[in-house]
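In our numbering, the protein residues as written are 3 to 360. Ideal Cβ placement from N, Cα and C applies to all residues, glycine included.
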Ligand code: SF4
C-alpha cells in the first residue's frame with residue numbers, strides 16, 4: 003500500500019474509533035471480532051434493507067435461533083414467518099440452505115473469502131464482508147455506500163455499471179492488511195452518515211483533504227450514473243367517427259394497456275406494426291393530426307383519422323356506443339384519448355384538412 007493509501011485508511015480508522023455506529027451485530031472498534039453467525043445474518047438482512055428496519059428483525063431472529071445449528075434445525079415455515087415483512091424472501095430460503103450446509107460441516111463457518119463464497123446462497127459481497135468483519139481477513143468489501151465514497155474520493159468518471167471495476171480496484175488499493183473488518187465497517191458508516199447520496203457533509207469528513215470530487219466541487223456527481231436509455235417509440239392510429247353530435251367510443255380489452263376504459267377505436271399501437279392499421283369503417287378518412295404521449299415503457303405518436311362519410315350503420319355489428327359530445331368529459335377517457343378527442347374537436351370545429359386518406 004502506498005503512503006497516500008495508507009494515509010487514507012489511517013484517517014478513516016481514527017474517525018471510526020471515535021464515531022462508529024453501535025449496532026447489535028458489531029464489536030466495538032479494535033475489539034475481538036463478533037460471531038460469524040451474527041455477522042452473516044446481519045449482512046444478509048441488510049441487503050436492500052435499511053439498518054433501522056433490520057435491527058428488530060435481527061433481535062427476534064437471533065433470540066429464536068442463537069446459533070447456526072439452531073437455525074439449521076428450524077422449520078422452513080417458521081423461518082419464513084419470522085422473516086415476513088423484510089421482503090426479498092429468497093434471502094430467507096438461501097439463509098436456511100447455507101445454515102444447513104454450515105451445520106453439516108460441523109457448525110463452523112469457513113474463515114476465508116473463497117470458502118465462504120462456496121456456501122449456498124452466499125454471494126461475493128457477503129463472503130467478503132464476513133471474511134473481513136468476522137475473521138479479520140483482508141477482503142475488499144464494496145456495498146453501495148462504499149461504492150459512493152470511493153467513486154467520490156477518486157473522482158471515478160466512468161459511469162456505472164462499467165465503472166464498478168475501477169471503483170473496486172481503487173477500494174482494493176486503500177484496504178489495509180490490518181483491521182480490514184473495521185475498515186470495511188468504517189467505509190460503510192462514512193457512506194451512511196457523512197458521504198450521503200445527497201448533500202454530503204464534507205466539512206465533517208475525515209478524508210476531505212484527499213477527496214478529488216470535493217476538490218472539484220462535484221461530490222454529488224459521483225458515482226456517475228449511466229445515461230438513461232431512450233424509451234422505445236411506437237406509432238399508432240385512432241379513429242374519430244362523429245354523427246349528429248355524438249362520437250363512437252369503444253371499451254378497451256380488460257387485460258391490455260388502459261384495459262377496461264372507454265376510448266376511441268384504435269389499432270392497438272403494437273410495437274413494430276406501424277402502418278398496418280385497419281380502420282373500423284371503409285373510408286373516406288381525413289388526416290386529423292397526431293398526439294404524442296409518454297407511457298412508462300414507451301412513447302407514442304397517435305395519428306388521428308377523421309371519418310367524413312355517412313355509412314354509420316356499418317358500425318352496428320361492432321362493440322361500441324355513441325357518446326354525446328356535450329358530455330364527453332364524463333366518458334372517463336384516459337389522457338391519451340382525451341388529448342386525441344380535443345384535437346379532433348378543434349380540427350372538426352375549424353374545418354378539416356385537405357389530406358384524404360382512404
Ligand atoms: S469529502 Fe465529501 S464527497 Fe469526499 S468522501 Fe468525504 S463526504 Fe464524500
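Buried or exposed for residue i, going by 16 or more other Cβ atoms inside 10 Å?
i, result
"residue 342", "buried"
"residue 297", "exposed"
"residue 268", "buried"
"residue 24", "exposed"
"residue 5", "exposed"
"residue 186", "buried"
"residue 18", "buried"
"residue 145", "buried"
Kindly indicate the opening and closing residues of the beta strand (DSSP E) around residue i.
i, result
"residue 323", "323-326"
"residue 17", "Note, residue 17: premise wrong, no beta strand (DSSP E); alpha helix (DSSP H) at 5-21."
"residue 287", "287-296"
Run the proximity test for residue i: is its beta-carbon closer than 7 Å to any non-hydrogen atom belonging to the ligand SF4?
i, result
"residue 170", "no"
"residue 14", "no"
"residue 100", "no"
"residue 188", "no"
"residue 210", "yes"
"residue 23", "no"
"residue 122", "no"
"residue 5", "no"
"residue 202", "yes"
"residue 196", "yes"
"residue 144", "no"
In the DSSP assignment, what residue or residues form a beta bridge with residue i?
i, result
"residue 237", "303"
"residue 313", "According to DSSP, residue 313 bridges with nothing at all."
"residue 242", "308"
"residue 251", "323"
"residue 153", "Looking at the DSSP assignment, residue 153 forms no beta bridge with any residue, so it has no partner."
"residue 200", "Looking at the DSSP assignment, residue 200 forms no beta bridge with any residue, so it has no partner."
If I'm right that residue i touches residue j with Cβ under 8 Å, what's the distance once you round it to whole angstroms?
i, j, result
"residue 81", "residue 109", "Not really, about 17 Å apart at Cβ, beyond 8 Å."
"residue 31", "residue 22", "5 Å"
"residue 240", "residue 308", "That belief does not hold up - the Cβ atoms of residue 240 and residue 308 are roughly 10 Å apart, past 8 Å."
Output the boundary residues of the alpha helix (DSSP H) element that contains residue i.
i, result
"residue 42", "38-48"
"residue 61", "53-66"
"residue 129", "126-137"
"residue 176", "166-176"
"residue 160", "Unbroken run through residue 160: none, as it is neither H nor E."
When the cut-off is 8 Å and only beta carbons count, does residue i lie next to chain B?
i, result
"residue 145", "The question asks about chain B, but that chain is absent: this structure has only one protein chain."
Closer than 7 Å to a non-hydrogen atom of the ligand ATP - does that hold for the CB of residue i?
i, result
"residue 154", "Absent from the structure shown: the ligand ATP. Ligands present: the ligand SF4."
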